[in-house]
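Peer 1: Questions regarding the structure given below will be posed in turn.
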Amino acid sequence: MKNDDVELIQRVLGGDEHAFSVLVRKYQKPVHGLVWRKVGDFHIAEEITQDTFLKAYKELATLKKPHRFARWLSVIATRSCIAWLRKKRLSTQSLEDTSHAQLEKATYSGYVIQENEQMTAEAQREVVQKLLAKLRENERTVITLHYYGEMTHEEISEFLGTSVGTIKSRLRRAQQRLKKEAPMVREALSGFQIAPNFTENVMREVSRITPTPSTGGSQRFVPWAIAASILAVALLVLGIGYHYFNRFGLSPDSEGSTVMTAPKTGKVAFTSNRDGSWDIWTMNPDGSDPINLTQDIAIDLHPTWSPSGEQILFVSFREEGKESSLYLMDADGNNIRKVLDNWYSRSHAAWAPDGKRIASVRDGVLYIITLDDESVVPVAQTGFGSVGDPAWSPDGKEIAFIHYKPKQGYELRLLNVETRKQTVFLGELEKYPVKFDPAWSPNGEQIAFVLHKFRPILSHTDAIAWRDEETIYIINRDGRNLRQLVSEKGPDALHPTWSPHENEIIYQQGIHLPEIGDIRQLFKINVNTGIKTQLTNVGSNTGADWLVPPALPVQSKEQ
């Protein structure tokens, strides 16, 4: 398929318009299916699809990698959807907002009875639309491309820029979610047809277009990464933000470019379970604009921003039958890959400030991993299993971590990265038996962590109450001035992360619901006033990490 595309593109650039009509016939249903899934209207999708091909024809000479024409075409289509949605500012309810009650009504049998087995094409599309609302966005796209676009797993992979394994997984999940309605959806999607004169309409418009000229010679294809970067900046200036690209599975660069882009403002990465699957999400520091980055059936946990904000490190159970491992992805959720092929660890990891090293725990040992050469060096014992919770100091000189002493408790320690010397904080384990989740303030002068103080246990009920008294404390880097930040009342408070200006901390804490028990949510507390704000209220949410944008200076107490 790739070689055919390259040959056709060369013919088009040589002036053969018929060759472009071949490309239109080949990709009209996949592009239309992609657009239909994004805008929700079958006929409007035809208009956007036509516009997509006209843009592709006009800009064909700028395509740097003609063998990736399919992916390039899908990017143009996706951006056309973004532009259309922003222009129209649709007031109609999105598929994501469809209520559970509505979805329950969207069953094939119900509609068969209602329509007395005489559905029109429009009614059938409406049924399919509501049935597909049961699926995630990426699952809807894949199943539509497979059945309506008549694409193989490999062709969908190439079209969307996603691995074949991921495509198979999404299609399988879609079929499982649809259950008994899956055959009806397959049959209906396979039977839908784009307008019979679609190609002729496109070619009529093509005859009126003057293509963008190529630069000639060895520079025939203008570097796509440069063009995409300019377009991304223009879109951002026009108000098309980071979340629009992310919503449609499109990075702000394009065509599979390896250029990574960091959010321009503070962002919070966290783990959330909103539909039965633990995924990595991002949101604004006020809790607005939540976005699911990973959308995978695997369990994804412990997100950690890279110092540049261009990547997120996380733990995931993505290999069947194996332990969890460390993964990296770009800030927009694309380009997910393992850190090391043979590295398995349940513990969250920590970045060094240089962005070149990672601290991670495996089998009771704290290691430093260098990403460039993939070297792995043991630097300290943590005492047991995945105990460790490493946190690298902002100046790169120390790593805070948890050390377990059998039958005694947990110590908060600082490891000097250069000398390997360790300093113990609050070593009186009979008084402070449990500590974990250390987090450095951005200026490196304070550490927030979870502390569980000892007190006499009066009864079994009191023991349960004591278990929930784990809460957030702050201590200075020199081990002085221990103070409590969050009240120990209510479920335990865990996993603190600092704001860029050090005046706020986000943490997780349970909310007790009588019908289902404790559900963890994310809260923000002002370090100076103690005022507390709940940031999340959907699903269960844990393990936040607050990005300090590189361009935003951190504050020092001396300022």
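Residues 124 to 682 in our numbering are what the sequence shown lists, from first letter to last.
Every residue gets a Cβ at the ideal spot worked out from N, C-alpha and C, and that includes glycine.
Would you check if the distance between the CB atom of Glu260 and the CB atom of Leu294 is smaller than 9 Å?
Peer 2: Result no, Cβ atoms of Glu260 and Leu294 do not sit closer than 9 Å.
Peer 1: Measure the alpha-carbon distance for Gly372 versus Ala179 and round it to whole angstroms.
Peer 2: For Gly372, the pLDDT reaches just 47, beneath the cut-off of 50, and the residue's location in the model is therefore unreliable, although a value from the coordinates is still provided. Distance between the alpha carbons of Gly372 and Ala179: 20 Å.
Peer 1: Please determine if the stretch 188-202 and the stretch 276-283 are in contact, where contact requires at least 3 C-beta pairs separated by less than 8 Å.
Peer 2: Contact holds: three or more Cβ-Cβ distances are below 8 Å.
Peer 1: For the stretch 421-455, list the alpha helix (DSSP H) runs that are entirely contained and at least 4 residues long, ordered along the chain.
Peer 2: Within the stretch 421-455, no complete alpha helix (DSSP H) run reaches 4 residues.
Peer 1: Determine the contact status of Ala311 and Val391, defining contact as a CB-CB distance below 9 Å.
Peer 2: It is not a contact, given that the beta carbons lie outside the stated cut-off.
Peer 1: Are the stretch 471-486 and the stretch 419-435 in contact at 8 Å, needing three or more beta carbon pairs?
Peer 2: In short, these stretches touch, since the Cβ pair count reaches three.
Peer 1: Taking DSSP as the reference, what is the three-state secondary structure of Thr267?
Peer 2: In the structure shown, Thr267 sits in a helix (DSSP, three-state: H, G or I).
Peer 1: Taking contact to mean 3 or more Cβ pairs, one atom from each stretch, closer than 8 Å, check whether the stretch 477-485 and the stretch 511-523 are in contact.
Peer 2: Yes: at least three Cβ pairs fall under 8 Å.
Peer 1: Looking only at DSSP bridge pairs, what is Pro306 linked to?
Peer 2: Looking at the DSSP assignment, Pro306 forms no beta bridge with any residue, so it has no partner.
Peer 1: Does DSSP put Phe165 in a helix, a strand or coil?
Peer 2: If DSSP states are grouped into helix, strand and coil, Phe165 belongs with the helices.
Peer 1: Do Ser197 and Ile171 have their beta-carbon atoms positioned less than 9 Å apart in this structure?
Peer 2: Not closer than 9 Å, so no.
Peer 1: Expressed to the nearest angstrom, what Euclidean distance is found between the alpha-carbon atoms of Val462 and Ser439?
Peer 2: Between Val462 and Ser439, the C-alpha separation is close to 11 Å.
Peer 1: Since Thr594 contacts Asp615 with CB under 8 Å, what's their CB separation in whole angstroms?
Peer 2: Confirmed, about 7 Å.
Peer 1: Identify the continuous alpha helix (DSSP H) that holds Leu283 and give its terminal residues.
Peer 2: Where Leu283 is concerned, the enclosing alpha helix (DSSP H) stretches over 276-283.
Peer 1: If you count every other CB in all the chains shown that lies within 10 Å of the CB of Leu605, and 16 or more means buried, which is it?
Peer 2: Exposed.
Peer 1: What did DSSP end up calling Pro517 once you bin it into helix, strand or coil?
Peer 2: Correct three-state label for Pro517: coil.
Peer 1: Is the stretch 653-671 touching the stretch 621-639, taking contact as three or more C-beta pairs under 8 Å?
Peer 2: Cβ pair count under 8 Å is three or more, so yes.
Peer 1: Buried or exposed for Ser313, please, with buried defined as at least 16 other CB atoms from any protein chain shown within 10 angstroms of its CB.
Peer 2: So Ser313 counts as exposed.
Peer 1: Got a sec? Which residues, its chain only, sit under 6 Å from Thr388 by beta carbon, not counting five neighbours each side?
Peer 2: No residues qualify anywhere along the chain.
Peer 1: For Glu683, which residues from the same chain have a beta carbon less than 8 Å from its beta carbon, with the 5 sequence-adjacent residues on both sides left out?
Peer 2: Nothing can be reported for residue 683, as the shown portion of the chain is limited to 124 through 682.
Peer 1: Using C-beta distances below 7 Å, list every residue in its chain close to His575, excluding the 5 sequence neighbours before and after it, in chain order.
Peer 2: Only Pro556, Val557, Glu592, Glu593 meet the Cβ criterion.
Peer 1: Quick one: which unbroken alpha helix (DSSP H) runs of 4-plus residues sit fully inside the stretch 592-627? Chain order, please.
Peer 2: For the stretch 592-627, not a single whole alpha helix (DSSP H) run of length 4 or above is found.
Peer 1: Excluding the 5 residues flanking Ala503 on each side, which residues of the same chain have their C-beta closer than 6 Å to its C-beta?
Peer 2: Excluding residues within five positions, the ones whose Cβ falls inside 6 Å are Leu489, Leu538.
Peer 1: Are Asn649 and Thr394 touching if we call contact CB-CB under 9 Å?
Peer 2: Result no, Cβ atoms of Asn649 and Thr394 do not sit closer than 9 Å.
Peer 1: Give the C-beta separation of Phe524 and Thr546 to the nearest angstrom, bearing in mind that I take them to be a contact with Cβ-Cβ under 8 Å.
Peer 2: About 11 Å; that fails the 8 Å criterion.
Peer 1: CA-CA distance, Leu268 and Leu157?
Peer 2: Straight-line Cα distance between these residues: approximately 7 Å.
Peer 1: Go through its chain and collect everything with a Cβ distance to Ile167's Cβ below 8 Å, but skip five positions before and after it.
Peer 2: Counting only Cβ-Cβ distances below 8 Å, and skipping sequence neighbours, we find Trp207.
Peer 1: Quick one: is His141 buried, meaning 16 or more other Cβ sit within 10 Å of its Cβ, or exposed?
Peer 2: By the neighbour-count rule (16 or more Cβ atoms within 10 Å), His141 is not buried but exposed.
Peer 1: Under three-state DSSP, which class holds Ile171?
Peer 2: In the structure shown, Ile171 sits in a helix (DSSP, three-state: H, G or I).
Peer 1: To which residues of the same chain is Trp686 closer than 7 Å at the C-beta, ignoring the five residues directly before and after it?
Peer 2: There is no way to answer for residue 686, as the model of the chain reaches only from 124 to 682.
Peer 1: Counting only the same chain and skipping the five closest in sequence on each side, list residues whose C-beta sits under 8 Å from that of Asn324.
Peer 2: Cβ neighbours of Asn324 beyond the five flanking positions: Gln173, Ala318.
Peer 1: Whole angstroms is fine: what's the gap from Asn566's alpha carbon to Pro517's?
Peer 2: So the two alpha carbons sit approximately 7 Å from each other.
Peer 1: What separation, rounded to the nearest whole angstrom, lies between the Cα atoms of Ala496 and Lys479?
Peer 2: Reading off the sequence shown, one finds Asp at residue 496, where the question assumed Ala. Distance between the alpha carbons of Asp496 and Lys479 is about 10 Å.
Peer 1: Cα-Cα, which of Phe143, Trp404, Phe437, Gly410 is closest to Leu416?
Peer 2: Of Phe143, Trp404, Phe437, Gly410, the residue nearest in Cα terms is Trp404.
Peer 1: Would Trp94 and Leu449 qualify as a contact pair, given that the criterion is a beta-carbon distance under 9 Å?
Peer 2: What is shown of the chain runs 124 to 682, which leaves residue 94 out entirely.
Peer 1: Relative to the C-alpha of Ile290, which residue among Arg600, Lys647, Ile420 is closest?
Peer 2: When each option's Cα is compared against that of Ile290, the closest is Ile420.
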